[in-house]
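The next block holds one structure in the form of structure tokens; read it before the comments.
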Amino acid sequence: MTRSMDADTVAEAAGAPARAPGGRRRTGRWKMLAIFAVCAAPVIASYYTYYVIRPEGRTNYGALVEPMRPVGALGATPELPGGLSSLRGRWVMLVAAPAACDAACREHLYDIRQVRLTTGKDRDRVERAWLVLDAADPDPALLAQHEGLVVLRAAAGQAAGVLAPAEGNEPSDHIYMIDPLGNLMMRFPKNADPSRMKKDLAKLLRASRVG
Numbered sequence: 001m002t003r004s005m006d007a008d009t010v011a012e013a014a015g016a017p018a019r020a021p022g023g024r025r026r027t028g029r030w031k032m033l034a035i036f037a038v039c040a041a042p043v044i045a046s047y048y049t050y051y052v053i054r055p056e057g058r059t060n061y062g063a064l065v066e067p068m069r070p071v072g073a074l075g076a077t078p079e080l081p082g083g084l085s086s087l088r089g090r091w092v093m094l095v096a097a098p099a100a101c102d103a104a105c106r107e108h109l110y111d112i113r114q115v116r117l118t119t120g121k122d123r124d125r126v127e128r129a130w131l132v133l134d135a136a137d138p139d140p141a142l143l144a145q146h147e148g149l150v151v152l153r154a155a156a157g158q159a160a161g162v163l164a165p166a167e168g169n170e171p172s173d174h175i176y177m178i179d180p181l182g183n184l185m186m187r188f189p190k191n192a193d194p195s196r197m198k199k200d201l202a203k204l205l206r207a208s209r210v211g
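See below:
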């Protein structure tokens, strides 16, 4: 039976020194860093467009979160134990509000649904999520109006610590944008204009092919 030999065995047979275990580990780390760089490059490019290349007269509507904030597993549920991190690889439009979902909350849910639809063929790159800020259950009839909406859950204080609403605002006052790497990078103002939100999202999708 022929015995297969790895690269080090072949090297030893040829009289060349085998690679040390530490060298193999370093090579593996460099490969992982290279893979991460390739995956992250499109998202970084989109930020470069927003943060650096800003021709005079062109501005974004949403407020950029500086520095960006990793959202991690915020919103973890038994169904999605990874919370928002489970949605990595897509742009996420996030609404945060109690389960009772007042008129402003319902308008936010409607807006993110409609804005996503305006992206046309790119809509599969965008997820919609509702971060429920209490232990109550949302109205099933409301959820039925928003097929595909991802429902997550977190305490209001925890959400405020991660989402960092604008001064004097509550987490429920904003719609948030999370990038495909799991970073909170933009929040829209209270009573946001959906047509202007759409333009910001379109810019992000054009600048980044991730997601």
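Numbering (our numbering), first residue to last: 1 to 211. Ideal Cβ positions, reconstructed from N, Cα and C, are used throughout, including at glycine.
Nearest-angstrom Cα separation, counted from leucine 131 out to tyrosine 50: Because the pLDDT at tyrosine 50 is just 49, under 50, the model does not fix this residue reliably, and the point stays unresolved.
query: Hey, is the segment 81–99 in contact with the segment 143–160, meaning 3+ C-beta pairs nearer than 8 Å?
result: yes
task: Have a look at glutamine 145 and proline 67 and give me their C-alpha separation to the nearest angstrom.
output: 35 Å
message: If you reduce the DSSP assignment to three classes, tell me which class alanine 154 lands in.
response: coil
message: Quick check: what's the CA-CA separation for histidine 108 versus asparagine 191?
response: 9 Å
Between the CA atoms of arginine 206 and cysteine 101 - distance to the nearest angstrom: 32 Å
field: leucine 184: first and last residue of the uninterrupted beta strand (DSSP E) it sits in
entry: 183–188
- request: Have a look at Pro171, Leu80, Gly120 and Leu163 and flag the residue whose alpha-carbon is nearest the alpha-carbon of lysine 198.
  value: Gly120
field: Under the three-state DSSP convention, the category arginine 88 falls into
entry: coil
message: Using a Cβ-Cβ cutoff of less than 6 Å, which residues in the same chain neighbour leucine 74 once the five nearest sequence positions on both sides are dropped?
response: Gly83, Leu84, Ala154 and Val162
message: Looking only at its chain, what residues have a beta carbon closer than 8 Å to the beta carbon of threonine 77, apart from the 5 residues adjacent to it on each side?
response: Gly83, Val151, Leu152 and Arg153
field: Run of the beta strand (DSSP E) containing tyrosine 176, from where it starts to where it stops
entry: 175–178
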